[in-house]
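The structure appears below as structure tokens.
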Amino acid sequence: MFDAQTVAKVCGGTVKGDGNVQILAACKDSREIKEGDLYIAIIGENNDGNDYAGKAYENGAVCSLVSRDVDVPEGKAAVIVSDTRRALLSLAAYYRSTFDIKLVGVTGSVGKTTTKEMIHCALSSVWKTHKTNKNFNNDIGLPMTLLELNDTYKASVIEMGMSARGEISVLTNVAKPDVAVITNIGVSHIEHLKTQENILAAKLEILEGLPENGTVILNADDKFLSKQTSLPFKTVFYGLDNDCEVKGEVLSDNKVRVLGETIELSVPGKHNLLNACAAMAVARALGIPAADAARGISSFETDEIRQRLVKSPKGFDIICDWYNASPQSVSVALELLCKKEGRKIAVLADMLELGDFSKKCHEDIGIEAAERGVDMLFTYGKESKYMHEAAKEKGLDAKHFDSKDELSASLLNTLQKGDTVLIKGSHSMKMQDIYDKIMG
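Quick note on the working numbering: the sequence shown kicks off at 1 and runs consecutively.
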């Protein structure tokens, strides 16, 4: 990988100990260190990684990247810098520059993790392809992901997240993508960015890392992205509704025909078909045969932490979808719920980081639930009161709760064989608690 002296040179740090020690990999968790690792000490909200350098050495680290002086065992090293997070970005940028691989950067308000996974499936049909694990997409997760690269990979798919202007600019200038994908412009993080136009500008920062011959892949069905027709890069649009270069023909709830190939997914939903079109557009941009890409995408399996369908022994189905919640993703989940047979019950909690838009966004979801034909709505959380009130005004049987225990008890008394219940809310609302109660 590199030696300690290289780390110091790249990061602007000082070596303590043996600068010639050879580093095999990098890790930021002292408990997961393997022999030959570089331990990266991150200062978090609750822990100071510098405190665990000693434990990292005990577990096999040959070098540590720290922001204060630490004891270094004989034959090992430490690189001391002023800011380990900034140093990590510099190290990852250097390391990425040593590889001649095709790198795809993915961002967007909703769907970027699923799209990243589908792109990985498409490229993996031909090449050994590296990817972001889970959604490790910030200024720590992205550089740690890049430090996993090795010479066996031909391509990499990297997810980039943000909550403020300038964050994607930093990430893309580290990752240096050949292809940049933007899935959509929603209202996630609008509390910080104030307008969707500002969110668009923040997402477009991903272009700053592209080479002159780079390619931009945009969603033609998004009202903001569809207008980006004069970018200084080759731009390819994909979609299902609007005319575009890579247009999918919906064949069923889980099947789409695009670029002459039929893709059958194991997960339903128009949003997933749209993500598949994005993956096909990327594959074409990188020269992957459409038949191979379609075969790869058809093998996609959803992350169990995100949306999945569970059949209860009591005879009802549960759509588990509590990883996150934005107005767009809740709307998509309601669409999926309302395609099910039997009674349709939605259990929804607060959508966070909506700022001044929160009241209206929650009201809109309540109205949508009523108009889509949801049979019952259970809401939980301070902001979800607006959802509950709007749904009731539209005639929907809606109940609001300040306690998850009370909601769970009421829900259990309501559920019948043949029902489908959607459980969704922002991650911090911990809606899995309700699932655990009704399955217990």
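We treat Cβ as the ideally placed atom computed from N, Cα and C, and that holds for glycine.
Around Ala-87, the same chain offers Cys-11, Gly-13, Leu-65, Val-81 as residues with beta carbons nearer than 7 angstroms, after the five sequence neighbours per side are excluded. Measuring C-alpha to C-alpha distances from Ala-398 to each of Gly-425, Ser-358, Met-431, Lys-344 identifies Lys-344 as the nearest. Taking Asp-243 as reference, the option from Phe-136, Ile-263, Ile-288, Asn-219 with the minimal CA-CA separation is Asn-219. Per DSSP, Glu-58 is one residue of the alpha helix (DSSP H) stretching across 53–58. Proximity of the region 321–341 to the region 155–168 falls short of the contact definition, fewer than three beta-carbon pairs being nearer than 8 angstroms. Between Asn-254 and Leu-265, the gap from beta carbon to beta carbon is short of 7 angstroms. If you look at Thr-115, you'll find it in the alpha helix (DSSP H) that goes 112–124. Per DSSP, the continuous alpha helix (DSSP H) segment holding Arg-372 begins and ends at 358–372.
Per DSSP, Tyr-94 lies in no beta strand (DSSP E) segment; the continuous alpha helix (DSSP H) that holds it begins and ends at 84–97. As a beta-bridge residue in DSSP terms, Thr-379 pairs with Leu-348, His-400.
Residue pairing from DSSP places Cys-27 in a beta bridge opposite Tyr-39. Every beta strand (DSSP E) of 3 residues or more that sits fully in the region 204–264 is shown, in chain order, as 215–219, 234–239, 249–252, 255–258, 261–264.
Under the Cβ criterion (8 angstroms, minimum of three pairs), the region 308–322 does not count as touching the region 274–285. For the pair Val-70 and Thr-145, the Cα-to-Cα distance works out to about 26 angstroms. Around the beta carbon of Pro-177, 16 or more other beta carbons sit within 10 angstroms, so the residue counts as buried.
Ser-384 is positioned such that its CB atom lies closer than 7 angstroms to that of Asp-350. DSSP places Cys-63 inside the beta strand (DSSP E), whose first and last residues are 63–66.
Residue environment for Met-376: buried (at least 16 other C-beta atoms within 10 angstroms of its C-beta). DSSP places Val-330 inside the alpha helix (DSSP H), whose first and last residues are 327–337.
Given a length threshold of 4 residues, each whole run of the alpha helix (DSSP H) inside the region 136–180 is given here in chain order: 141–146, 167–175. One Cα belongs to Lys-247, the other to Ile-318, and the distance between them is close to 32 angstroms.
In this structure Gly-381 is buried. Its beta-carbon is surrounded by 16 or more other beta-carbon atoms within 10 angstroms. Straight across, the Cα-Cα distance linking Ile-168 with Ala-202 is about 7 angstroms. With contacts defined as CB atoms closer than 7 angstroms, Val-104 and Asn-184 fail to qualify as a contacting pair. In the DSSP assignment, Gln-416 is bridged to no other residue. Burial state of Pro-143 is buried, judged by a 10 Å Cβ sphere holding 16 or more other Cβ atoms. Only exposed fits Lys-417, as fewer than 16 other CB atoms lie within 10 angstroms of its CB. Looking at Glu-249, Ile-43, Ser-252, Leu-204, the one whose alpha-carbon comes closest to that of Ser-230 is Leu-204. In chain order, Asp-253, Pro-268 place their CB closer than 8 angstroms to the CB of Lys-339, counting only its own chain and leaving out the 5 sequence neighbours on each side. The Cβ-Cβ distance between Phe-233 and Leu-210 falls below 7 angstroms. In the three-state reduction of the DSSP assignment, Ile-434 falls in the helix class, which pools H, G and I. Apart from sequence neighbours up to five positions away, the residues of its chain that approach Ser-428 with a beta-carbon distance below 8 angstroms are Leu-352, ordered along the chain.
Between Val-216 and Ala-175, the gap from beta carbon to beta carbon reaches 7 angstroms or more. Residue pairing by DSSP leaves His-388 without any beta bridge partner. Distances from the CA of Ala-290 to each of Asn-138, Cys-121, Leu-396 were compared; the closest alpha carbon is that of Cys-121.
Nearest C-alpha to Leu-193 among Val-79, Phe-357, Asn-213: Phe-357.
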